[in-house]
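Report on one structure; see the data block that follows.
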Amino acid sequence: MSGPVRYELDGALARITLDRPAASNAIDLPTAEALAACVGRAGADTTARAVLLTGAGRRFCAGGDLAAMAAAADRGAYVHRLAGTLDRGLRALADLPKPVVAAVQGAAAGAGLAAVLSADVVVAARSARFAAAYTAVGLTPDCGFSRLLPRAVGQPRALHLTLTGRTLTAAEALEWGLVAEVVDDGDLNARAEALAAELGAGPVRALGEAKRLLRDSWQRSPEEVAHDEAQTIATLATGPEASQRIDAFLSR
(Lines of atoms letter the chains of each structure in order from A and count residues from 1; the text may use other names and numbers.)
(Lines give C-alpha, C1' and ligand atoms only; values in the text may rest on other atoms or scores of the structure.)
Protein backbone atom coordinates (compact mmCIF):
# COMPACT_ATOMS: atom_id res chain seq x y z
CA MET A 1 0.00 0.00 0.00
CA SER A 2 1.66 3.25 -1.16
CA GLY A 3 1.04 6.74 0.14
CA PRO A 4 1.65 8.44 3.50
CA VAL A 5 1.54 5.07 5.30
CA ARG A 6 3.15 1.90 3.94
CA TYR A 7 1.97 -1.65 4.56
CA GLU A 8 4.42 -4.49 3.90
CA LEU A 9 4.20 -8.17 4.73
CA ASP A 10 7.51 -9.83 5.58
CA GLY A 11 6.76 -13.48 6.25
CA ALA A 12 4.45 -13.44 9.27
CA LEU A 13 5.34 -9.84 10.17
CA ALA A 14 3.14 -6.96 9.02
CA ARG A 15 5.01 -3.65 8.90
CA ILE A 16 3.06 -0.41 9.12
CA THR A 17 5.29 2.60 8.42
CA LEU A 18 4.35 6.24 8.76
CA ASP A 19 5.98 7.57 5.60
CA ARG A 20 6.07 11.37 5.59
CA PRO A 21 9.65 11.88 6.74
CA ALA A 22 9.89 15.41 5.32
CA ALA A 23 7.02 16.39 7.62
CA SER A 24 8.37 14.40 10.60
CA ASN A 25 5.52 11.94 9.93
CA ALA A 26 3.01 14.51 11.17
CA ILE A 27 -0.53 13.23 10.67
CA ASP A 28 -2.92 14.98 8.31
CA LEU A 29 -6.28 13.58 7.23
CA PRO A 30 -4.94 11.43 4.33
CA THR A 31 -2.35 9.96 6.70
CA ALA A 32 -4.97 9.19 9.34
CA GLU A 33 -7.15 7.51 6.72
CA ALA A 34 -4.21 5.53 5.34
CA LEU A 35 -3.16 4.41 8.82
CA ALA A 36 -6.67 3.15 9.56
CA ALA A 37 -6.69 1.27 6.25
CA CYS A 38 -3.32 -0.34 6.99
CA VAL A 39 -4.44 -1.40 10.46
CA GLY A 40 -7.54 -2.92 8.94
CA ARG A 41 -5.40 -4.76 6.43
CA ALA A 42 -3.14 -6.11 9.19
CA GLY A 43 -6.16 -7.36 11.08
CA ALA A 44 -7.62 -9.11 8.05
CA ASP A 45 -4.30 -10.57 6.88
CA THR A 46 -4.32 -14.14 8.16
CA THR A 47 -0.63 -14.52 7.29
CA ALA A 48 0.37 -11.69 9.64
CA ARG A 49 0.95 -12.93 13.18
CA ALA A 50 2.51 -9.74 14.58
CA VAL A 51 2.60 -6.06 13.63
CA LEU A 52 5.54 -3.64 13.70
CA LEU A 53 4.71 0.08 13.73
CA THR A 54 7.52 2.43 12.67
CA GLY A 55 8.12 5.92 11.35
CA ALA A 56 10.33 6.66 8.34
CA GLY A 57 13.20 9.12 8.67
CA ARG A 58 14.60 10.79 11.77
CA ARG A 59 11.39 11.07 13.80
CA PHE A 60 8.68 8.57 14.69
CA CYS A 61 5.80 11.06 14.63
CA ALA A 62 5.58 14.76 15.48
CA GLY A 63 1.82 14.57 16.10
CA GLY A 64 -0.97 16.23 14.18
CA ASP A 65 -0.04 18.23 11.08
CA LEU A 66 -0.45 21.85 12.19
CA ALA A 67 0.15 23.17 8.67
CA ALA A 68 -2.76 21.11 7.35
CA MET A 69 -4.96 22.35 10.19
CA ALA A 70 -4.06 25.97 9.51
CA ALA A 71 -4.71 25.60 5.77
CA ALA A 72 -8.18 24.07 6.18
CA ALA A 73 -11.09 26.24 5.01
CA ASP A 74 -13.05 25.20 8.10
CA ARG A 75 -10.38 24.55 10.69
CA GLY A 76 -12.74 23.28 13.39
CA ALA A 77 -14.46 20.80 11.09
CA TYR A 78 -11.13 19.59 9.72
CA VAL A 79 -9.60 19.02 13.17
CA HIS A 80 -12.75 17.27 14.36
CA ARG A 81 -12.67 14.89 11.40
CA LEU A 82 -8.92 14.35 11.74
CA ALA A 83 -9.16 13.55 15.44
CA GLY A 84 -12.06 11.14 14.91
CA THR A 85 -10.41 9.34 12.01
CA LEU A 86 -7.09 8.93 13.79
CA ASP A 87 -8.79 7.82 16.99
CA ARG A 88 -10.61 5.04 15.13
CA GLY A 89 -7.36 3.89 13.55
CA LEU A 90 -5.46 3.84 16.84
CA ARG A 91 -8.26 2.07 18.69
CA ALA A 92 -8.29 -0.54 15.93
CA LEU A 93 -4.51 -0.88 16.36
CA ALA A 94 -4.89 -1.46 20.10
CA ASP A 95 -7.72 -3.95 19.46
CA LEU A 96 -5.85 -6.07 16.91
CA PRO A 97 -6.00 -9.74 17.99
CA LYS A 98 -2.24 -10.02 17.46
CA PRO A 99 0.74 -8.37 19.17
CA VAL A 100 1.80 -4.87 18.09
CA VAL A 101 5.37 -3.64 18.59
CA ALA A 102 6.33 0.01 18.05
CA ALA A 103 9.88 1.17 17.29
CA VAL A 104 10.39 4.82 18.26
CA GLN A 105 13.22 7.07 17.13
CA GLY A 106 13.55 10.84 17.29
CA ALA A 107 10.33 12.39 18.58
CA ALA A 108 6.96 10.98 19.56
CA ALA A 109 4.73 13.94 20.36
CA GLY A 110 1.01 14.57 20.70
CA ALA A 111 -0.87 12.12 18.51
CA GLY A 112 2.47 10.39 17.93
CA LEU A 113 2.60 9.62 21.64
CA ALA A 114 -1.01 8.40 21.44
CA ALA A 115 0.15 5.97 18.75
CA VAL A 116 2.93 4.77 21.06
CA LEU A 117 0.40 4.23 23.85
CA SER A 118 -1.80 2.21 21.47
CA ALA A 119 0.95 -0.33 20.78
CA ASP A 120 1.44 -3.35 23.03
CA VAL A 121 5.22 -3.30 23.40
CA VAL A 122 7.37 -0.24 22.68
CA VAL A 123 11.10 -0.20 21.97
CA ALA A 124 12.76 3.23 21.98
CA ALA A 125 16.07 4.43 20.64
CA ARG A 126 18.24 5.95 23.35
CA SER A 127 18.01 9.39 21.73
CA ALA A 128 14.20 9.30 21.43
CA ARG A 129 12.09 11.97 23.11
CA PHE A 130 8.45 11.92 24.23
CA ALA A 131 6.10 14.87 24.78
CA ALA A 132 2.39 15.63 25.07
CA ALA A 133 2.89 18.83 23.06
CA TYR A 134 -0.80 19.73 22.78
CA THR A 135 -1.03 22.68 25.15
CA ALA A 136 2.15 24.28 23.77
CA VAL A 137 0.13 25.23 20.67
CA GLY A 138 -3.09 25.94 22.54
CA LEU A 139 -4.72 22.57 21.88
CA THR A 140 -5.99 19.70 24.01
CA PRO A 141 -5.41 15.92 23.83
CA ASP A 142 -7.14 13.75 21.26
CA CYS A 143 -6.98 10.18 19.92
CA GLY A 144 -7.62 8.62 23.32
CA PHE A 145 -4.59 10.34 24.86
CA SER A 146 -6.63 11.45 27.91
CA ARG A 147 -7.53 7.83 28.63
CA LEU A 148 -4.29 6.11 27.65
CA LEU A 149 -1.66 8.30 29.31
CA PRO A 150 -2.99 8.16 32.91
CA ARG A 151 -3.28 4.40 32.63
CA ALA A 152 0.32 4.12 31.49
CA VAL A 153 2.00 6.51 33.94
CA GLY A 154 -0.60 7.40 36.59
CA GLN A 155 -2.73 10.51 36.95
CA PRO A 156 -0.16 12.83 38.64
CA ARG A 157 2.51 12.17 36.03
CA ALA A 158 -0.01 12.37 33.20
CA LEU A 159 -1.13 15.79 34.40
CA HIS A 160 2.44 16.95 34.86
CA LEU A 161 3.49 15.84 31.39
CA THR A 162 0.43 17.31 29.70
CA LEU A 163 0.22 20.63 31.53
CA THR A 164 3.90 21.57 31.76
CA GLY A 165 4.96 20.62 28.25
CA ARG A 166 7.84 18.57 29.63
CA THR A 167 9.79 16.39 27.22
CA LEU A 168 10.90 12.98 28.47
CA THR A 169 14.12 11.29 27.46
CA ALA A 170 13.98 7.63 26.50
CA ALA A 171 15.42 6.70 29.91
CA GLU A 172 12.70 8.72 31.64
CA ALA A 173 10.03 7.18 29.41
CA LEU A 174 11.28 3.75 30.47
CA GLU A 175 11.18 4.74 34.15
CA TRP A 176 7.66 6.17 33.78
CA GLY A 177 6.35 3.07 31.98
CA LEU A 178 5.77 4.59 28.53
CA VAL A 179 8.15 2.16 26.85
CA ALA A 180 9.27 -1.40 27.54
CA GLU A 181 12.88 -1.24 26.33
CA VAL A 182 15.53 1.32 25.42
CA VAL A 183 18.33 0.35 23.05
CA ASP A 184 21.18 2.08 21.27
CA ASP A 185 19.99 4.00 18.21
CA GLY A 186 21.74 1.69 15.78
CA ASP A 187 20.09 -1.37 17.33
CA LEU A 188 16.51 -0.08 17.28
CA ASN A 189 15.22 -1.68 14.09
CA ALA A 190 16.92 -5.02 14.67
CA ARG A 191 15.64 -5.28 18.25
CA ALA A 192 12.08 -4.26 17.38
CA GLU A 193 11.97 -6.69 14.46
CA ALA A 194 13.37 -9.51 16.59
CA LEU A 195 10.83 -8.85 19.32
CA ALA A 196 7.94 -8.73 16.85
CA ALA A 197 9.16 -11.95 15.23
CA GLU A 198 9.46 -13.62 18.63
CA LEU A 199 5.89 -12.67 19.53
CA GLY A 200 4.64 -13.71 16.10
CA ALA A 201 6.21 -17.13 16.56
CA GLY A 202 4.42 -17.57 19.87
CA PRO A 203 0.86 -18.60 20.74
CA VAL A 204 -0.81 -15.73 18.89
CA ARG A 205 -4.37 -16.67 19.88
CA ALA A 206 -3.39 -16.59 23.54
CA LEU A 207 -1.43 -13.38 23.11
CA GLY A 208 -4.36 -11.70 21.40
CA GLU A 209 -6.82 -12.78 24.08
CA ALA A 210 -4.40 -11.79 26.86
CA LYS A 211 -4.01 -8.26 25.50
CA ARG A 212 -7.79 -7.99 25.12
CA LEU A 213 -8.33 -9.00 28.74
CA LEU A 214 -5.77 -6.52 30.00
CA ARG A 215 -7.05 -3.61 27.90
CA ASP A 216 -10.73 -4.29 28.61
CA SER A 217 -10.20 -4.66 32.36
CA TRP A 218 -10.14 -0.88 32.88
CA GLN A 219 -13.73 -0.54 31.74
CA ARG A 220 -15.28 -3.52 33.51
CA SER A 221 -16.21 -4.63 37.00
CA PRO A 222 -14.10 -7.22 38.85
CA GLU A 223 -16.92 -9.71 38.40
CA GLU A 224 -17.06 -9.12 34.64
CA VAL A 225 -13.29 -9.47 34.37
CA ALA A 226 -13.27 -12.70 36.37
CA HIS A 227 -16.10 -14.17 34.27
CA ASP A 228 -14.36 -13.27 31.01
CA GLU A 229 -11.03 -14.63 32.24
CA ALA A 230 -12.58 -17.95 33.26
CA GLN A 231 -14.51 -18.28 30.00
CA THR A 232 -11.49 -17.38 27.88
CA ILE A 233 -8.99 -19.68 29.58
CA ALA A 234 -11.49 -22.56 29.45
CA THR A 235 -12.02 -22.02 25.72
CA LEU A 236 -8.30 -21.84 24.99
CA ALA A 237 -7.55 -24.89 27.15
CA THR A 238 -9.44 -27.09 24.72
CA GLY A 239 -7.90 -25.56 21.60
CA PRO A 240 -4.96 -26.91 19.58
CA GLU A 241 -2.57 -24.11 20.54
CA ALA A 242 -2.75 -24.74 24.29
CA SER A 243 -3.11 -28.52 23.94
CA GLN A 244 0.13 -28.83 21.99
CA ARG A 245 2.04 -26.56 24.34
CA ILE A 246 0.72 -28.20 27.49
CA ASP A 247 1.58 -31.66 26.14
CA ALA A 248 5.07 -30.44 25.20
CA PHE A 249 5.58 -28.97 28.66
CA LEU A 250 4.44 -32.14 30.45
CA SER A 251 6.62 -34.38 28.29
CA ARG A 252 9.84 -32.65 29.35
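So the mapping is simple: the working numbering equals the position in the sequence shown, first residue as 1, plus 9.
Quick reminder that beta carbons are idealized off the backbone N, C-alpha and C, glycines included.
The structure displayed is predicted, hence computed values, not measured ones.
Which of helix, strand or coil does DSSP assign to residue i?
i: L158; result: helix
i: D193; result: coil
i: M10; result: Here M10 scores only 45 on pLDDT, less than 50, and its place in the model is too uncertain to base an answer on.
i: A210; result: coil
i: F306; result: Since the first and last residues shown for the chain are 10 and 261, residue 306 lies out of range.
i: A123; result: helix
i: G153; result: coil
i: G115; result: coil
i: A21; result: coil
i: V146; result: helix
i: R224; result: helix
i: G217; result: helix
i: R67; result: coil
i: W185; result: helix
Using a threshold of 8 Å, state whether the C-beta atoms of residue i and residue j are closer than that.
i: I36; j: D74; result: yes
i: V60; j: L204; result: no
i: C152; j: A134; result: no
i: A53; j: A101; result: no
i: L208; j: A161; result: no
i: G217; j: P106; result: yes
i: D28; j: A65; result: yes
i: V234; j: A189; result: no
i: D9; j: L222; result: In the structure displayed, the chain extends from 10 to 261; residue 9 sits before or after that span and is not available.
i: L22; j: A206; result: yes
i: S33; j: A116; result: yes
Could you tell me whether any non-hydrogen atom of the ligand MN is closer than 7 Å to the CB of residue i?
i: V131; result: Ligands in the displayed structure: none, and consequently the ligand MN is not present.
Where does the unbroken beta strand (DSSP E) through residue i begin, and where does it stop?
i: R29; result: Neither: R29 is in no beta strand (DSSP E) and is coded neither H nor E.
i: T176; result: 176-178
i: V132; result: 130-134
Cα-Cα, which of the options is closest to residue i?
i: Q114; options: V192, R261, G93, R214; result: V192
i: N198; options: W227, V132, G217; result: V132
i: D96; options: A243, G147, L157; result: L157
i: L172; options: T178, V146, N34, L183; result: V146
i: R175; options: L99, K220, A51, A140; result: A140
i: T144; options: T178, G20, G163, H169; result: H169
i: A219; options: A239, T178, G163; result: A239
i: L187; options: R166, R221, F258, A92; result: R166
i: I255; options: P231, S226, P212, R229; result: P212
To the nearest whole angstrom, what separates the beta carbons of residue i and residue j, a pair I think is in contact under 8 Å?
i: C70; j: G121; result: 3 Å
i: G12; j: A43; result: 5 Å
i: R90; j: L18; result: Rounded, the Cβ-Cβ distance is 30 Å, inconsistent with contact.
i: A215; j: A112; result: With 8 Å as the limit, A215 and A112 do not qualify as a contact, their Cβ atoms being about 24 Å apart.
i: A79; j: A118; result: Incorrect: roughly 17 Å between the Cβ atoms, too far for contact.
i: A128; j: L62; result: 6 Å
i: R50; j: Y16; result: 5 Å
i: T55; j: V14; result: Going by Cβ atoms, the distance from T55 to V14 rounds to 21 Å, so no, they are not a contact pair.
If you follow the alpha helix (DSSP H) that residue i is in, where does it begin and where does it stop?
i: R100; result: 84-104
i: T63; result: No alpha helix (DSSP H) contains T63, which is instead part of the beta strand (DSSP E) from 59-64.
i: V48; result: 38-53
i: D237; result: 231-246
i: T173; result: 164-173
i: P108; result: Taken as a continuous stretch (DSSP letters only), P108 belongs to no alpha helix (DSSP H), as it is neither H nor E.
i: A251; result: 249-259
i: A76; result: 75-80
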